[in-house]
Amino acid sequence: MQAVSTGVIGRVQSPRVIRIGGGVADEVAEVLVQLGLSKPLIVTDAQLVRLGHVARITDVLDSAHLPWQIFDGVVEDPTDTCVDAGLTALRGDDFDCIIGFGGGSPMDTAKAISFMSVNDGHVRDYKAPRQIDRCGPPVILIPTTGGTGSELTRWCVITDTELTEKYNLSGLGCVATAALIDWTFTTTKPWRITADTAVDSLTHAIEAYVSRRAFAYTDAFALSAMPLIATHVRSACHDPENAVAREALMLAASQAGMAFSNASVALVHGMSRPIGAHFHVAHGLSNAMLLPAVTAFSIGSAPDRYATCARVMSWAFGSDSDAIACSKLVEELTRLNDDLKVPRPSDLGYAGDDKMFGVMAEQALASGSPQNNPRVPNADEIVALYQQIW
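For the sequence shown, the residue numbers in numbering that gives the first Met the number 0 are 0 to 389.
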């Protein structure tokens, strides 16, 4: 049988070292030595220091007689000023690598500190579609939330405090040298963060699968991640110590990260970032707010792909037509939001108006993500979607 080409050329970027499983964070010193590294700056946030999670890493480094220092000034939705503070810390000693420890915010900050240490100008000068291919010191990422997938992606997101804009940064400079993916850190995550990071992963997987840039390699990761999340997210929320559920969600987050890193995200993410920039809504939560409505908007342009999403998550039968499977997908995404207590932005007291939605729509389009969507929207259609979900 003759192979049929999709016309999409796959280009894959990923860390040199990937270790996955309970306890792999304890191998951080071994990985540093393997890479010829010996003095890390640990980039994290103050809460993880208070919880004692950072001590687990520093104890391992101490046992291996590897010196280290901590920069714990990372803020949620990391900003350009946060990156600048981290750069000052990096330049304060002769560090040869950076360990990004935490959720998406510390990991993205670690990436930005690294590449901005060798690239001139302001971080906004490098926002996508510009590719950051001049790499800084090696970055070792250890996720603690299992949602963003940043440990395996070629992306990071930084908020501009002057322009009130979240922007994507992409390229080899954003790819970690090593990723240690240890689900055991996630058992202390509260309900809201567990729910939001899981839906963030689900959005990564669905958007990567329906993206105009999807190809067979990314499809495999996306299709593997979706059922893991659909099956285990409720269990992880209700039973935080459920090891099976936590391990499944962490694996799914990494698989979805590999998928969207190389196939890109689409309209949900394009619209989500302005919500975070203007209203400081957590990224996973803003994705959840948007996912059912954007899916319903987009389905008609890729019904076979969306139907497959429903079937692989057992939300539709194999015998269902694509139309029925797509309808069930939207219904189940809506039900998932209800079960996970996802609010509307207005429920949180955030007032939006058409002028603000217009600004947000332009920022969403400027990000480039909506252009990967099966149905590419115009600004008026994005405004209408904001009105719908608000």
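Backbone N, C-alpha and C fix where the C-beta goes; we use that ideal spot for every residue, glycine too.
The structure presented is a predicted model; accordingly, all values stated were derived computationally and were not measured.
If one requires a minimum length of 3 residues, the beta strand (DSSP E) runs lying completely within the segment 73-128 are 96-101, in chain order. Taking one beta carbon from each stretch, the segment 131-143 and the segment 100-116 have 3 or more pairs nearer than 8 Å; the two touch.
Taking the C-beta atoms as reference points, Arg212 is found no nearer than 8 Å to Met288.
Sequence-distant partners of Gly146 (beyond 5 residues in either direction) whose C-beta falls short of 6 Å from its own C-beta, in its chain, are Thr196, Asp199, Ser200, Ala252 and Gly283.
In this structure, the beta-carbon distance from Asp25 to Val53 does not fall below 8 Å.
In this structure, the CA atom of Ile192 is about 8 Å from the CA atom of Thr144.
Per DSSP, reduced to three states, the secondary structure at Phe214 is coil, with no helix or strand assignment.
Val243 sits exposed, since fewer than 16 C-beta atoms from the chains shown fall within 10 Å of its C-beta.
Of Thr43, Ile228, Cys155 and Thr78, the smallest CA-CA separation from Phe70 is found for Thr43. CA-CA distance, His277 to Thr108, rounds to 20 Å. Asp79 counts as buried, since no fewer than 16 other beta carbons sit within 10 angstroms of its beta carbon. As a beta-bridge residue in DSSP terms, Thr158 pairs with Thr78 and Lys165. In the structure shown, Leu140 falls within a strand segment according to DSSP collapsed to helix, strand and coil. Distances from the alpha-carbon of Val48 to those of Ser300, Val82, Gly101 and Val27 put Gly101 closest. Taking 8 Å as the upper bound for CB-CB distance, Glu150 and Met106 are in contact here, some 6 Å apart.
Collapsing the DSSP output to three states places Leu266 in a helix.
By DSSP's assignment, Ala177 forms a beta bridge with Val16 and Ile139. Contact annotation: Phe356 and Gln387 have beta-carbon atoms that are not nearer than 8 Å. In the structure shown, Ile131 falls within a coil segment according to DSSP collapsed to helix, strand and coil. Per the Cβ contact rule, the segment 225-235 is not in contact with the segment 170-180 (fewer than 3 Cβ pairs under 8 Å). Note on geometry: alpha-carbon atoms of Ile17 and Glu380 lie some 40 Å from one another. Secondary structure of Val23 (DSSP, three-state): helix. For the alpha helix (DSSP H) assignment, the uninterrupted runs of no fewer than 4 residues enclosed by the segment 266-313 are, from N- to C-terminal side, 266-278, 282-297 and 302-311. Exposure of Lys340 is indicated by the presence of fewer than 16 other C-beta atoms within 10 angstroms of its C-beta. In the DSSP assignment, Leu40 falls within the beta strand (DSSP E) that extends over Pro39 to Val42. A residue is called buried when at least 16 other Cβ atoms come within 10 angstroms of its Cβ; Phe184 meets this threshold and is buried.
Excluding residues up to 5 positions away in sequence, Leu40 and Phe70 lie with their Cβ nearer than 7 Å to the Cβ of Ala88 in the same chain. Rounded to the nearest angstrom, the gap between the Cα atoms of Gly99 and Asp321 is 42 Å. One thing to note: Val122 has its Cβ no nearer than 8 Å to the Cβ of Met225.
Look at Phe220 here: in three-state DSSP terms it is helix. Asp119 has its alpha-carbon roughly 39 Å from the corresponding atom of Thr187. Going by C-alpha positions, Ser62 is about 11 Å away from Arg55.
Looking at the backbone, the Cα of Leu335 and that of Leu65 are separated by about 45 Å. Here the alpha carbons of Ala28 and His203 stand approximately 31 Å from one another. Comparing C-alpha distances from Val82 to each of Gln68, Leu50, Thr158 and Lys126 shows the shortest one belongs to Thr158. The criterion of a C-beta distance shorter than 8 Å is satisfied by Tyr125 and Leu168.
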